[in-house]
Structure formats: C-alpha cells, structure tokens
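The listed protein sequences correspond, in order, to chains A and B.
Letter 67 of the first sequence, counting from 1, is numbered 911 in the working numbering, and no numbers are missing.
Letter 201 of the second sequence, counting from 1, is numbered 202 in the working numbering, and no numbers are missing.
Everything on this sheet refers to the single structure shown next.
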Amino acid sequence: MTRSLDDAILHLRTNEREIGTWLLKTQGDVDVTADHDAFLLSHVDHWAVREIVLYIKRTLRRLDQTSRTTFTLIEPGSCFVGWLAEIALAADRSYMLEGTFEGSEHTEPIFQLTGMNAGPLTMDNHLTRLTTRFWGRDDAVARVESLVGEPLDAVEASDAELVTFAYDDIDWDDELRLAIEERASFSPDALTGMEANLRFPGPETMETKIFGRLTAWQNWIFTRPNASGSDGALQRYGTGRRPDFDRKRT
Amino acid sequence: MTIDSVDYSTLMPNNVGLADDQKLLRALERWYPKYLEWWVDMGPSGFIHETPFQEADVWLRTAVSVEQDGWAKFDFVKMPEYRWGILLAPQEEGRTIPFGEHKGEPAWQEVPGAYRAMLRRLIVIQGDTEPASVEQQRFLGRTAPSFYDMRNLFQVNVEEGRHLWAMVYLLQRYFGKDGREEAEELLRRRSGDEDRPRMLGAFNEETPDWLSFFLFTYFTDRDGKMQLEALAQSGFDPLSRTCRFMLAEEAHHMFVGATGVGRIVKATAEAMRDAGIDDPYDTERIRSLGVIDLPLIQRKLNLHFSLTLDLFGAEESTNAANAFNSGLKGRYHETVIDDDHQLLDSTYPVTKYVDGEFRHVDVPALNALNARLRDDYVDDCAGGVKRWNRYITETGVEFELTLPHVAFHRQIGEFNGLAVTPEGGVIDEATWESRRGDYLPTEGDRVFIEELMQQVTTPGEFASWIAPPQKGIGGQPVEFEYVQIPNT
Ligand SMILES: [Fe+2]
Ligand SMILES: [Fe+2]
C-alpha cells in the first residue's frame, strides 16, 4: 500500500504536471487498519517491520515536500487511522463529513489516532506531525495524544483541531467545489511557497531548510515569470487583470 | 407552479422554488425568528397615541409577482406580519456575461470558486446597507408630518427589510457555511455602534429628522440604485436577477425622497411669498412661519450629498477593476454602452486636484470604474434638484438649490483632506472651519428642526413645514388614514 502511494506521488509529479491540487482519500476497514498499526508497533525490532516503517516515513515526507496543494477528504468508508491518518495531518487542508451521505451504504467516517501518530513517523523537522501541528502548545499535543485509540467523528475531530473543516452533506459538494476552484485560480507558485511555510513551522533542520525553504521559495517564487514576468502577478497587480500563470509543477 | 409565479405556501413568499429545496428552506426558517427579533428591536419604534407602530395597521404594498405591471398589491398590514418575500426577476434564457474577461460566456448559475470571496464581499456590503437604513430611520415615525408620510416611511423600511432578505437568500443558497455566518452577522452589526458598526460610513450617520430622511432617500438610496444597477449586470445570474427586482422597489424610495424634499421646499417658498418675505436669509422671520429656511435645506443637502459620494469609494480602485474584469460588477447601463466591455486598453477622465486646480486626468478605464459610477450618479441627481428649484421660482422667491462640488467635504478618495467650498474653491483649513456653519447644518439648525417637527395624527392634515402631496398612494386619496390603530 505504501508502495502504491509512493508510485502515485511519483506518477503525478512526472506525468501530471498541471494538476495543482491533489485530493487524498482512503477506503477500507477502520479496525483492520488499527490492527495493522498495532502489529507494526509490537514488532518494531524486527528488521522487516523497521524497513516498512521507514518506508512509510519516507513516503509521507514526500507529501510534506510536494509542490502541489493537498486536500484530504475523510468520507464514509474511509480508514484514516494511525499511519493513514498521517496523510490527513500532512495535507494542507482536511475535510471531514459530518454524518453520512444520503443513501450511502457506509456509516459516518471515523478519524482515529494510534501509537504510529505519536512517535515513529517524524517529518523533516524531526518532529511528529502532531507536534508540528500544535507547535508551541505542549498541552494541546498531550491532549490529542490522549485521544489515541479513540474513534472520533467529524465534530470531535474538528473540536480536537485534527481536521480543518467538518461539513454536513448539505454543504459538502459545494464547499469542496468552491475550495478546489478557488485553489486552482491562485498563483501555483505562491501556494507552493506559502504551503511550505505552513507545513514546517517551528525549528529548522537541514532538511526543512532545503526542502521547505530553499526549494519552495528559490525554485518556485524568486525570478519566476509567474511573479515577475510580463503577464505575471507583479506586473498585473493593481490593473484588475488576472495574471497568466504557468501551472506546470514537479 | 411555473418557475416565475410566486409561491405563497411557505413562510417566505418566493419565486425560487423554496418549497422544493428543503435544505435551504430549513436554513431560512432558522434565520427568520432572528430577523423578526431584529425587526422588533431595531425597526420602527414609537407610538401613535398609545399604540406602538408595530401594532398599527399600515397601508402597505407587498410584492406579489415579478411581472412589470401589477407586481405589488396594497393592503392593511401590521409590520411584523409583512410577507418578506424572496423574489428574483425572471431568468433570461441564454443570458451571457456582458463584460470583463469572461464576456460572452454563459452567465454563472452557481458561484465560480475563483471569485467566491470577492462575490461574497460584494453581496455582504450591499446587504449590510439594507438593515442599516432601517436602524437609522427607526425613530422618525415619532415626528411624522402626516399619516401619508408615516406610511411612506414604513413602506421604505419594510422594503429595505426585504432587500436584506434578498441578499441573505443569496448568501444562504450559494455560499454554504460562510454564507450562513455572514447572514447572522448582518443582523448583529448596528448602525452607529462603537463595537459593531455597519460597514459603510454614511450608514453609521444619524437620520435625525424628516428633512434628512428625504435627502437620504433621494441621495443615498440613489447610490443604492447605482450599486444595484451595476450588480444587476453581474455575470452571476442569481445576483443579477435579485438586483433587477430590487430596483423596482428602489424607485419608490427615491420618489419618496424627491417629492418629500420638493414638498418641503414648496411649503417654504409659498409661506415666504404669502408673508411677503423676499430675502431667503431672513432666517428668523421665515422660521417663525413654521417652515424650514432654504439655506438650511441647502446645508443639509450639502451634507447628505457629500456623505453619499464617499460611498462610491476611491476614484481609482483595484477592487473595482477586479470585480469588473471578473464579470461580477458592471457599469451603469453596461449593456447599452458602446464599447468593447472589457476596457483593457481604454482610459477614463477622472477629476483630480493637480497643481492648484481641478482637472480631468486620463487613467486606465478599468481602474476608474468607481469614478465613472459616481459621475453617472451625479448626473442622475440633477433632475430632482431642478424640480425643487421650480417650486421656488414659481413663487418668485430668488434662491437656487445646487449640488455642491464633488470635492466638497469628502473623507474618501482623491479629495480627502482637501478644504473645498461647496462652489469648488480650495481654501485653507482654518478658513473652511470658520465657515463650516455656512456649508453644513449647525447645532442651532438641529435644535430648530427638532422643535419644529412634531407628529401629526389627523388624517389629511400635514405639518406646516411640508406641503401635501399632489395625490395619495395605492389608490387612496391624500386624506386617507394610511396608518390605523386597530379597533378605532
Ligand atoms: Fe434597499
Ligand atoms: Fe432603498
């Protein structure tokens, strides 16, 4: 499964260069996913398990470093549990459905932390995604870590600040459509730069300096035609005309 | 039910198929009690004898159709029971976006995500002005010069309430969660409130008396008309249709203003003639006749006109350029203007103060849209002033009411901070301040008007300072009891 995610990321990077927003979804059984995490955690000393966990960690770091916008959709039938919940924590925004869709065979979606969220899967800043998310708020980190093992519905997850938005089925389609269209209208370069900033608040490491700051800002913002070109944002600013953006990314 | 017929089966009469949209109906029904609470708290406040305005039966028109003729029906209604409806002008088959970058594309029936924030802001700003004016005018019934005028006031008030409904419908139908939050906020802000003021300056000023009310409906509702005209061009079709229908009601508000000021001017000029007073500045004698001296009317006019000009925003504006280029807000009479409707290369002459004089300076047309709308507005204001002056000349009194210079008494845009006389002379700040009382209403003016204006509650009678109208309204004669106390 990790390999599929890794492949998908690499495929989108090289072959779908104009897709600026990725929607991340999961599908599967919540309990099986939790059991899988428990199994990994109880065998961390085994060489194969260690390799698997390291592979998961590297793959998730690819998400942190992508030049694309990432939205996670937590819908009925999904399994954002443990290491898969890291995908939602890595995303720029996460949307979780309150209740279920009319006529859906699934019940309301669940968001659940496991021990995998509290240690092994650190980011480039050498911190967990939870610590990064609540940077400077140790009490908040302790509070969410106490939720490990608890199945959370949308309201609970949003109260715990684990997801960005919780919408019911009345709003779901329209809010998503508007958010995606809105993203697509922004300068992709500016998004890359600002999202990189938001993905890595707090302390710097060599990796965050290279991937979070240098790559994002040096490659995507400074001296790019999207900003300073004749049809770029700086030239068009104040004229009422929208800039023409080169939407290609890697 | 055809799409354009009005459905009365729901709490809110509507032609938007509310009965079939349970989600939206629920959202609006949740908002309704909060709206009513606002109306009772902040709507017309006062008594006729012992009866509160809100319990009186008022001869009001209610919109019942969206056809050109016969769209309204008159009846006695208690204001809290008014049927605030959601009415859009009929959908035009195959309408395209008339201007901007998307010109010629089919008009949007849903909000384009790229413009969501901009569009929501335009709707919220428009929506905010509607309840604001009701709040500003809430005490005026206490000094109404006749039942006829009291009715007109209440008519304007309930219709501003309906305009709020119109904007709230758009927010709740098209803007999801944020839209619902904005709809709540519209009921939370209060005109003139220190902590939660209304969004635009002129809507936080007081409307302390009836001369102000008429000038407000003449000048400030006319700004509303210009904004609605510009939004009626919008590529977002539901907004366009909503505004087109609101314009039908807005016409009456400006009629109330234009005729109201005219009747005040007429009463003054005729009283001067009858008393043999030629000098319009013989203030004491004129005021002792129970009428308002013409120079005071001019000062009030100066105030309301200049405050309203500020509502058009800075002459050169990137926001306005963006809204136009995106196809959200057009120009006055956009579709009949003969140009490319994109304005990428054209210019527009904007009045500026350069090197000691007022001059037209060509600026990119896209950036000058506020200036252009304001210029159209000033032209639109001229007609009424001309009619008012006719009442004066008819009596032989020598005085002319005029619109002050656009740079006079401005807080926003090019002329902010410039000390300009109503005639357009630029003078130093200290001199301007020393003449303030010649330009703008004074404390003495306020006291005089406050004492002058008393509630008149005899059908067919009018206060001394205002002439009766030429005819009544809603098929009734002038002396009709337009506001009635139940069981009398
Ligand atoms: Fe209005
Ligand atoms: Fe109005």
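For each residue, glycine too, the CB sits at the ideal point set by N, CA and C.
Shortest gap from the CB of His305 of chain B to any heavy atom of ligand 2: 7 Å or more. Among the bridge pairs identified by DSSP, Ser938 of chain A is matched with A:Thr916.
One Cα belongs to Asp1017 of chain A, the other to Leu240 of chain B, and the distance between them is close to 21 Å.
Restricting attention to beta strand (DSSP E) runs no shorter than 3 residues, the stretch 65-134 of chain B encloses them at 73-79, ordered along the chain. Straight across, the Cα-Cα distance linking Pro405 of chain B with Asp446 of chain B is about 19 Å. Listed as beta-bridge partners of Pro365 of chain B by DSSP are B:Thr348. A straight-line Cα-Cα distance of about 24 Å links Leu419 of chain B and Pro365 of chain B. Judged by DSSP secondary structure, Leu29 of chain B falls within the alpha helix (DSSP H) whose first and last residues are Gln23 to Met43. Under the Cβ distance rule, Pro365 of chain B counts among the residues neighbouring chain A, one pair being separated by less than 8 Å.
Judged by the Cβ position, His254 of chain B qualifies as a neighbour of ligand 2 at the 7 Å threshold, a heavy atom of the ligand being closer than this. DSSP places Phe1009 of chain A in the uninterrupted beta strand (DSSP E) bounded by Phe1009 to Asp1012. Between Val262 of chain B and Leu216 of chain B, the beta carbon gap of about 6 Å places them in contact (Cβ cut-off 8 Å). Around the CB of Asp76 of chain B, fewer than 16 other CB atoms lie within 10 Å, so the residue is classed as exposed. Listed along chain B, the residues sitting closer than 9 Å to Tyr1011 of chain A by beta-carbon distance are Gly177 and Lys178. Membership of Leu290 of chain B in any alpha helix (DSSP H) is not indicated, and neither H nor E is assigned to it by DSSP.
In this structure, DSSP gives Glu206 of chain B a state outside helix and strand, which the three-state scheme calls coil.
The DSSP-derived three-state label of Trp866 of chain A is strand. In this structure, Val484 of chain B has its beta carbon at no less than 7 Å from each heavy atom of ligand 2.
Inter-segment contact for the stretch 121-134 of chain B and the stretch 160-169 of chain B is present: three or more beta-carbon pairs are separated by less than 8 Å. Taken through DSSP and simplified to helix, strand or coil, Pro53 of chain B comes out as strand.
The residue from B:Phe256, B:Pro478, B:Met43 and B:Glu401 with its alpha-carbon nearest to that of Thr221 of chain B is B:Phe256. Cβ contact annotation for Trp40 of chain B (same chain, cutoff 7 Å, sequence separation greater than five): Pro81 and Gly162, in chain order. In this model, Gly258 of chain B and Tyr483 of chain B are separated by some 18 Å (Cα to Cα).
Glu430 of chain B is not bridged by DSSP to any residue. At a threshold of 7 Å, Glu136 of chain B does not count as near ligand 2, since its beta carbon sits no closer than that to any of the ligand's heavy atoms.
The contact set of Ala1023 of chain A on chain B, defined by CB atoms closer than 9 Å, consists of Gly114 and Arg117 in chain order. Its chain contains Val888 as the residues whose beta carbon lies nearer than 7 Å to that of Arg894 of chain A, once the 5 sequence neighbours on both sides are disregarded; these appear in chain order.
Uninterrupted alpha helix (DSSP H) stretches at least 4 residues long and entirely within the stretch 1057-1093 of chain A occur at 1069-1072 and 1077-1080, given in chain order. The three-state secondary structure of Glu316 of chain B, taken from DSSP, is coil. Interface annotation, Gly980 of chain A: not in contact with chain B, CB-CB separation never under 8 Å.
Under the 8 Å Cβ criterion, the stretch 368-385 of chain B counts as touching the stretch 226-242 of chain B, having at least three qualifying pairs. Residue side-chain check: Glu395 of chain B keeps its Cβ at 7 Å or more from all non-hydrogen atoms of ligand 2. By the criterion of at least three beta-carbon pairs nearer than 8 Å, the stretch 1022-1037 of chain A is not in contact with the stretch 963-983 of chain A. Of B:Phe481, B:Asp275 and B:Pro478, the smallest CA-CA separation from Glu395 of chain B is found for B:Asp275.
Taking Val351 of chain B as reference, the option from B:Thr269, B:His342 and B:Asp363 with the minimal CA-CA separation is B:Asp363.
Contacts with chain A at 8 Å (Cβ-Cβ) do not include Ala184 of chain B.
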